[in-house]
Every structure is written in structure tokens, then in C-alpha cells.
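Residue numbers (the working numbering), protein chains in the order written: chain A, 574 to 767; chain B, 5 to 198.
C-beta: ideal position from N, C-alpha, C; glycine also.
Single-structure report; data block below.
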Amino acid sequence: MPEPKIRKFSTVIEEIFHEGGKPVATPLKRGTILAVIENPYAGAYHEDIAGFMKDLEPLGLTMATQLIESLGGDKSAVQGYGKGAIVGQAGELEHGALWHVPGGYAMREALGDAKAIVPSTKKVGGPGTRLDVPVTHINASYVRSHFDAMEVGIPDAPRANEIVLALVMTTGSRIHARVGGLKADEIKGQDGLR
Amino acid sequence: MKAEIRKLVVFVEETRSEMGRPVSPPTRKAAAVAVIRNPYAGVYVEDLSLLIEVGAELGGLLGGKCIEALGIDPKHAESYGKAAMVGENGELEHAAALLHPAMGKPLREAVGHGAALVPSSKKRGGPGHVLDIPLGHKDAAFVRSHFDGMTVSLNDSPRADEIMVAIAVTDSGRPLARVGGLAISEIEGKDGLR
């Protein structure tokens, strides 16, 4: 399989100062990078698709590196992550699942030693379809303050024969997190969960 | 700062190909959005001068954010535009106060001059509504290759008492522009039109 054919990239960086409470000294950043690629399997059922995961790895790494850069360039500032895919209507949900391995690999590679599973979601949709990408802590999935999500999408993508691939990173907890649970400073960091 | 900002969001779009044809160099657009408290929400106020001052502040801040996100020298900015969406407890005139009397000068300083009118649009809407920011060449409004727009939306904005203020800046025109008209190489740059 040839390397992915990219039509466009889109990045969105949010800086959040408050949400009705006291403004914080260091704003929370939530960022996403999206790549619109051609779906090599659009329009027909293909039994053997798994090889494309390997082909997506370099693109994933480029996206993860660029996202860290867009968040300020310090990978140690990244505390939460998530990933997702929107498959155009000539494709199937299973094509979105091709992003699980390369998307996760890319963020772990770029961030160093992240231990937790990368939460994900996927759907079939058309241009402008929005996707709520789930976000959890990079080292311990149960950290309650970091359960979050970022809504992503592109007005003109995915076309029928395209896939939108998404990575999301955050630099902290929800802006006024206060519902208890496991805290980031209580992480044991052994199993990726707690 | 007089603006009470809840969040700042920067969008960057980079188009590498269109209809399978490479776009080289890629076209790039940035939009910077501030979500601010509407000081006049819920009441009729005759004198909107506070929002006029906020408009001036945001012209420089958001214009600068776009240039920073594109990573370019301000003189390489090619087109610009502005827009605002007022939450349901405000009026369209609040958007007008932000966009028209005082925003232009600091915006032009941020993007390294600009002789042309800054194209604009405004609307009232709720969280998640889509805002289309019109784009035109910054030195000559009639440059046809640079008539364009950029779409932004934020799922949590504008709340009823907020306003979303947006500025878009590009370093390029449309991908594969080919419908004639005044070309960028033919700009006289005297009157802001041609």
C-alpha cells in the first residue's frame, strides 16, 4: 500500500482561562490536529485492510509532533490525550479502526513514556460531521479531573472517499475540576489505570 | 485588558491537494477567536464605547495570534477578514461595535499593513453555531483569487451572555484558483481596491 494521500491538515488550539469560576494563572490548553486522507478502501468491501495501519505510522508521528509544537513545544506539559476518526460515506466503520494502533503509537512515541490506553471514538459521516474525541490522563486512565473531550470537525471533510484522522492533547485537568476521584498527584503509574 | 476573555482558540488549515492535484506551496489559513463576556447582555445600552475599545484590543491580539500560528513574517500575510457572533442576550449592534469603529488599525499593524477594507460578517447565535469569516486580499479588495472564507465553530460558545470575536488571516489565496480577474501580480496598492 502506498503512503497515505493527504488533502489537508487542520489544527485547533484552545486556551481556556475560566468557565465562570476564578480565572487560572496558566490557561488550560486543548489541542487537536486533523489530517484528511484518501480512503484507499472506499467504494468496495476489502477483506484485507490491516496493512494500512503500518502505512499510517509516519503520518501519525508527524501529527503528534506537530500537535506538541502547536501546544507550545514542551512534551512534558501534555497531561491528557485521545484520538478518533471520521470515515466518509463510501467507507466503513472498520476503516476508522485502522487508526487505533498508529494513532496511539504516534502519541506514545512523541510523548515518551505515556502508560494509559488512548481513549478513542469513531464514526461514519460527511463534510462538517463533528466528533467528540474523549480525553483521559496519559498515565492513569482513572484520574477523574482529566476526563474530558474535545469536539473536532472540518467543514469540507470527510468527502465520501476520505477519512479524517484526529489526535487530541490537553495540558491539564478540566478548568474547574472539583468532583473528586483519583488525583493526578496520586498516580502510581504502574498499570496505566491508577 | 478591558476584554474579559473566557477562552482563546486558534485554527489553522493547510491544504496540500485538491481533486487529486497537488497544491504547491500548500494554501494556509488561520483564524483566532476570543470568547468574551458581553458587558451589555440583557439590557439596552445607548453608548457602546466599551465594546469599541475591546474591538481595538482584540484586533491586535487576534491578528497577532494568526500571524504566530502561521509562523510567517507579517508582511507575508495576504488576505484577512473578521466576524462576530453575539450570544442570545446581546444584539447585532454589539458585534458592530466590536468590528467596525476601531478594530482595523491594530489589526493592520499586526498583519504588516493592509490598504483594503477588512471584509466582515456578523450574526446572533448559540453554542455550536457556525461562523463564516469572509476573506479578501489585504491590499487590493478586487483580487479574485483571494475571495474566500473560513468557517469556525465552538461547541460551547457563544453562551447567552458572550460574544465570539474572530479574525482570519492567510498567506495565500484559494487552492488552484483559476477564474481570472485581478491577479496578485497586478496589484497597484494605492486605493485598497486594485
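Closer than 8 Å at the beta carbon, the chain B residues around Ser583(A): If you number the first sequence from 1, residue 583(A) lands on position 10. Within chain B, the residues near Ser583(A) are Phe15, Val16, Glu17 and Glu18.
Span separating the alpha-carbon of Ala164(B) from that of Gly94(B): Here residue 164(B) is taken as the residue at index 160 of the second sequence, counted from 1. Here residue 94(B) is taken as the residue at index 90 of the second sequence, counted from 1. Straight-line Cα distance between these residues: approximately 7 Å.
Using the beta-carbon count (16 or more within 10 Å), is Val134(B) buried or exposed? Counted from its first residue, the second sequence places residue 134(B) at position 130. Its Cβ having fewer than 16 others within 10 Å, Val134(B) is exposed.
At least three beta-carbon pairs within less than 8 Å, the region 17-26 of chain B to the region 60-72 of chain B: no
First and last residue of the alpha helix (DSSP H) that includes Ile56(B)? Stepping through the second sequence from its first residue, residue 56(B) is reached at position 52. That run of the alpha helix (DSSP H) goes Ser53 to Leu74.
Give the straight-line distance between the Cα atoms of Val752(A) and Arg717(A), rounded to the nearest whole angstrom. For the purposes of this step, residue 752(A) is taken as residue 179 along the first sequence, with counting starting at 1. For the purposes of this step, residue 717(A) is taken as residue 144 along the first sequence, with counting starting at 1. Val752(A) and Arg717(A): Cα-Cα distance of roughly 8 Å.
Give a yes or no on whether the minimum CB-CB distance between Glu735(A) and chain B is below 7 Å. The residue you call residue 735(A) lines up with position 162 of the first sequence. Judged by the 7 Å Cβ criterion, Glu735(A) is not in contact with chain B.
Is the shortest distance between the beta-carbon of Thr174(B) and the beta-carbons of chain A less than 7 Å? If you number the second sequence from 1, residue 174(B) lands on position 170. Closer than 7 Å: no.
Is there a C-beta anywhere in chain B that falls below 7 Å from the one on Ile586(A)? Here the question's residue 586(A) lines up with position 13 in the first sequence. Chain B, which has a Cβ nearer than 7 Å to the Cβ of Ile586(A), makes this yes.
Work out the CA separation of Pro30(B) and Gly699(A) for me, nearest whole Å. Residue mapping note: residue 699(A) aligns to position 126 of the first sequence, counting from 1. Residue mapping note: residue 30(B) aligns to position 26 of the second sequence, counting from 1. Spanning the two alpha carbons is a distance of roughly 24 Å.
Where the beta strand (DSSP E) through Phe15(B) begins and ends: If you number the second sequence from 1, residue 15(B) lands on position 11. Element bounds for Phe15(B): Ile9 to Glu22.
The beta strand (DSSP E) with Glu166(B) in it runs from where to where? Taking the first residue of the second sequence as position 1, residue 166(B) is located at position 162. Unbroken beta strand (DSSP E) run through Glu166(B): Glu166 to Thr174.
For Ala617(A), is the classification buried or exposed, using 16 other Cβ atoms within 10 angstroms of its Cβ as the cut-off for buried? Position 44 of the first sequence, counting from 1, holds the residue named residue 617(A). A residue is called buried when at least 16 other Cβ atoms come within 10 angstroms of its Cβ; Ala617(A) does not meet this threshold and is exposed.
Could you check the C-alpha separation between Ile40(B) and Lys86(B) for me, to the nearest Å? Here the question's residue 40(B) lines up with position 36 in the second sequence. Here the question's residue 86(B) lines up with position 82 in the second sequence. So the two alpha carbons sit approximately 15 Å from each other.
Given that a residue counts as buried once 16 or more other Cβ atoms are within 10 Å of its Cβ, and exposed if not, what is Glu61(B)? Walking along the second sequence from the start, residue 61(B) turns up at place 57. Using a 10 angstroms sphere on the CB of Glu61(B), the tally of other CB atoms reaches 16 or more, which defines it as buried.
Using the beta-carbon count (16 or more within 10 Å), is Thr605(A) buried or exposed? Counting from one through the first sequence, the residue named residue 605(A) turns up at place 32. Counting other Cβ atoms within 10 Å of its Cβ, Thr605(A) reaches 16 or more and is therefore classed as buried.
Within 7 Å of chain A by C-beta, residues of the region 23-39 of chain B in sequence order: none
Under a Cβ-count criterion, where at least 16 other Cβ atoms within 10 Å of its own Cβ denotes burial, should Gln763(A) be classed as buried or exposed? In the first sequence, the residue the question calls residue 763(A) occupies position 190. Flag for Gln763(A) reads exposed.
Beta-ladder partner(s) of Ala1(B), from DSSP: What the structure shows of chain B is the stretch from 5 to 198, and residue 1(B) is not part of that stretch, so it cannot be assessed.
Apart from the five residues on each side of it in sequence, which residues of its chain come closer than 8 Å, Cβ to Cβ, to Glu667(A)? Taking the first sequence and counting its residues from 1, one reaches residue 667(A) at position 94. In its chain, beyond the 5 residues on either side, Ile622 have a beta carbon closer than 8 Å to the beta carbon of Glu667(A).
Looking at the structure shown, is Val49(B) part of a helix, part of a strand, or coil, going by DSSP? As a working note, residue 49(B) is residue 45 in the second sequence. Val49(B): coil per DSSP, three-state reduction.
In chain A, which residues lie less than 7 Å from Leu12(B) when you measure between Cβ atoms? As a first step, residue 12(B) is located in the second sequence; it is residue number 8 there, counting from the start. Chain A residues near Leu12(B): Glu588.
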